[in-house]
Amino acid sequence: MSFMKKLKDKFKQNKEEEKVTKKYKEGMEKTRTSFSSKINNLLARYRSVDEDFFEELEDILISADVGVTTVMDLIDELKMEVKRQNIKETDKMKEVISEKLVEIYYGEDSDQIESMNIQNDELTIILVVGVNGVGKTTSIGKMAYQFKQEGKRVVLAAGDTFRAGAIEQLEEWGKRAEVDVIKQSAGSDPAAVIFDGIKAAKSRKADVLICDTAGRLQNKVNLMNELSKVNRVIEREVPGAPHEVLLVLDATTGQNALSQAKTFSEATNVSGIVLTKLDGTAKGGIVLAIRHELNIPVKYVGLGEQVGDLQEFDAHAFVYGLFADMLQE
Amino acid sequence: MAFEGLADRLQSTIKKITGKGKVSEQDVKEMTREVRLALLEADVNFKVVKNLINRIKERAVGQEVMESLTPGQQVIKVVQDELTALMGGEQSKIAVADRPPTVIMMTGLQGAGKTTTTGKLANHLRKKHNRSPLLVACDVYRPAAVNQLETLGEQLNMPVFSMGTKANPVEIATKAIEQAKAEHNDYVIIDTAGRLHVDNELMEELEEIKSSVKPDEIFLVVDAMTGQDAVNVAESFNEQLDLSGVILTKLDGDTRGGAALSIKAVTDKPIKFAGMGEKLDQLEAFHPERMASRILGMGDVLTLIEKAQTNVDEKQAKELEEKMRTMSFTFDDFLEQMGQVKNMGPLDDLMAMIPGANKMKGLKNAKLDEKQIVHVEAIIQSMTKKERQDPSLMNASRKKRIAKGSGTSVSQVNRLLKQFDEMKKMMKQMTNMQKGKKGKGMKFPFM
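Here the protein sequences line up with chains A and B, keeping their order.
Per the working numbering, the first sequence runs over residues 1 to 329.
Per the working numbering, the second sequence runs over residues 330 to 776.
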């Protein structure tokens, strides 16, 4: 049985899964319609699989921010596959294309999906990093809300002491989610705030501590050093922490996301990605490139402005979201 | 890293056609492929790239190679000319209304940097144009956005008009203008909430604000890191609001900023300013030609060549090359060369002009510090003549003396000696590679 059929059946059988998938389908409305309709359109216009066909496929993938390197590799692999299976007509291509995309995401072991590393009996520390304006504080607010709903005790540390209004923004989220926010005044040392946060989380017996940090462009060496310091403070105070370092990426970002992922990984130890603003027309093709070139998994995706719209990433649902139209035919 | 400058990409192709008098069609085809990839990697929209490539092909084929340029450089020049033409001229004027206040509206996606840019623009208006702006907090949706603008207003010591988060943005904007008139503020800058361009409801809100306050400028604030989607964003904001200009933010990052080109191509609206840092005075006029070079990732190759030619004495350069080949390069030569390089201008500028310099081993993270150069000079000047000619003389007590004399430490002296040694080896390799070819004396000792 082909992979896509399996995927389709899986989502048909399971009601619970269907709910998740629906969210993805709605949140990715734009992404999906533009992406799969483009591919469908391409398949309809070309009868035979030839150079022109591949060139246009290349354009479609690039327009989704998949990235030149990844697209080139993908096209090469597709060409090989076409040769191997001796495919001449385009109607068989749909499945080959979607399978290759899924393969890139999963790599070798296709069943393993990395989920959040949450400690059961002790404090879990999540450090959230990223460039300016990607939605770090918003994502933290939403995460806090969800952990709280799950019955966990959550503490937030307002480590963005730089941007005007950042502390107030986190406090507002703290109020909404009804969780404590540890802060100092604007302009104070972020490492000190995080240190306070850890002390407070320990004494209040919290389950999860989420640390906010100021947005920083990855080529600012001093700011990246500051981030390493924050990371070291956490490592020193709680052995084994931070349990997750989440890099928040804006889905509308282009190829610079690769540079971000790489540099932030050098300063901290990025364990996962939060892809925000995936609703709208954002394409998020960059997820594939990051996975392909740097091997960092996506752990959360932001599919809307509502608190519940931050979802733990489900690669199956993501791919299903992309190809839903094509599968239903 | 995935990012390769165009110049690096073109290296191999250029090698093949060096020495030819004319650029053939095949050459152009090969080179335009590289140009295409470079542009796509810089996030220029693929449709824009396609049009551009077609034009470049037309122009480049059959062109006589200018005497001073290699065919590769010739193609780069055509590409850069086309890009610069597409980017348009510099334009950073801000409208002035016949009857004050002049109203400016800031729009854009979430996280583009509208609020920060609002503060920067106000600062710019006051500093450069001697105006007194009123800032208006119309972002009632994002938590603490009003607060953020108020804090900025405090830092700048400028009035901020806000009505909390319960009021309607249209009402806030209208009332703000009344206040500006009463308080004699000659500019009003309205900060609106970030919104997705596909969010019809919120886009309509912008139209309502527009029709009620009749702004003289509507700026779209765009993150320079935006990918292929930049085109769609700019197109829909422009369609709905008829923008008057664009402000590009976060250009101090390491993004190539291809979005700039895409936006200009689809909207034909000028990019007026660029955000170059987090501080409130870091808003600069936008320079289209610089952006063209940056997108290509080639540094300013042509300027560098010009600079080098005027500053490096040809004869000296020849002697130097001879020395390098024979490995008789000494600290004296090093010192002399450093002087020549310094004549060309600030080191950081020079480095930025060298294509691929950011990729070179060891140089990537090396912060080019002018002070460091001073240290190096001091160390060399503290050496005796003999030592400069023959570094192998160095022993512990000599090093100690040199460190003392130059006000540095023994470890710094050691580092320099080691670097010098490695440099010599590298130079030998380089000159061996270039044997038979006429070198132009374009070698930098600190590489």
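Even for Gly, the Cβ is constructed at its ideal location relative to N, Cα and C.
Rounded to the nearest angstrom, the gap between the Cα atoms of B:Phe566 and A:Thr276 is 21 Å. Contact of A:Gly165 with chain B is assigned, a C-beta pair being separated by under 7 Å.
As computed with DSSP, A:Val245 is found in a beta bridge with A:Leu127.
Listed along chain A, the residues sitting closer than 7 Å to B:Glu370 by beta-carbon distance are Val68, Gln255. Taken in chain order, the members of the segment 114-148 of chain A whose beta-carbon sits within less than 9 Å of a beta-carbon on chain B are Val131, Asn132, Gly133, Val134, Gly135, Thr137, Thr138, Gly141. Minimum Cα-Cα distance from B:Ala614 among the listed residues B:Asp372, B:Glu354, B:Lys422, B:Arg524 corresponds to B:Lys422. Under the three-state reduction of DSSP output, B:Met712 falls in the coil class, being neither helix nor strand.
Comparing alpha carbon positions, the residue from A:Leu227, A:Ser259, A:Gln255, A:Ala257 closest to A:Val245 is A:Leu227. Under DSSP, A:Asp180 takes part in a beta bridge, and its partners are A:Val155.
DSSP places B:Pro462 within a strand segment (E or B) once states are collapsed to three. A:His243 and A:Asn117 have their alpha carbons spaced roughly 6 Å apart. Taking 7 Å as the threshold, the shortest C-beta distance from B:Asp583 to chain A falls below it. Under the Cβ distance rule, B:Asn486 does not count among the residues neighbouring chain A, no pair being separated by less than 7 Å. The closest CA to that of B:Asp372, considering only A:Gln306, A:Gly285, A:Phe313, A:Leu294, is found on A:Gly285.
For B:Phe602, no alpha helix (DSSP H) run applies; the uninterrupted beta strand (DSSP E) run containing it begins and ends at 600-604, by DSSP. Closer than 7 Å to the CB of A:Glu55 there is not a single CB belonging to chain B. Under the Cβ criterion of 7 Å, A:Thr161 is not counted among the residues facing chain B. As the crow flies, the alpha-carbon of B:Ala603 is around 10 Å from that of B:Met620. For B:Met752, the secondary structure class from DSSP, reduced to helix, strand or coil, is helix. Residue burial annotation: A:Val102 is buried, with at least 16 other C-beta atoms found within 10 angstroms of its C-beta. Just measuring C-alpha positions, the residue of A:Lys142, A:Asp160, A:Leu78, A:Ala164 sitting nearest B:Leu481 is A:Ala164. Residue pairing for B:Ile576: DSSP places it in a beta bridge opposite B:Val550, B:Phe602. Classified as exposed, B:Lys608 has fewer than 16 neighbouring CB atoms from the shown chains inside 10 Å of its CB. Remark: three or more beta-carbon pairs, one from each stretch, lie closer than 8 Å, so the segment 254-271 of chain A and the segment 291-306 of chain A are flagged as touching. Between the C-alpha atoms of A:Val181 and A:Val193 there is a straight-line separation of about 11 Å.
Contacts with chain A (Cβ-Cβ distance below 7 Å) from the segment 537-559 of chain B involve Asp552, Met554, Thr555, Gly556, Gln557, Asp558, listed in chain order. The beta carbon of A:Leu43 is closer than 7 Å to those of Thr90, Asp91, Met93, Lys94 in its chain, skipping five residues each way along the sequence. Looking only at B:Lys449, B:Thr494, B:His458, the smallest Cα-Cα distance to B:Tyr470 is reached by B:Thr494.
B:Tyr516: member of the beta strand (DSSP E) spanning 516-520, first to last residue. Excluding the 5 residues flanking it on each side, B:Ser735 has same chain C-beta neighbours closer than 6 Å at Ala707, Ile708, Ser711, in chain order. Annotation: B:Ala441 is outside any alpha helix (DSSP H) and is labelled neither H nor E by DSSP. Given a length threshold of 3 residues, each whole run of the beta strand (DSSP E) inside the segment 210-288 of chain A is given here in chain order: 244-250, 272-276.
Chain A has a Cβ within less than 7 Å of the Cβ of B:Leu366. Here B:Val465 is buried: its Cβ has 16 or more other Cβ atoms, across all protein chains shown, within 10 Å. Among the residues of chain B, those whose CB is under 7 Å from the CB of A:Glu168 are Ala473, Asn476, following chain order.
Assignment of beta-bridge partners to A:Tyr300 by DSSP yields A:Val274, A:Glu312.
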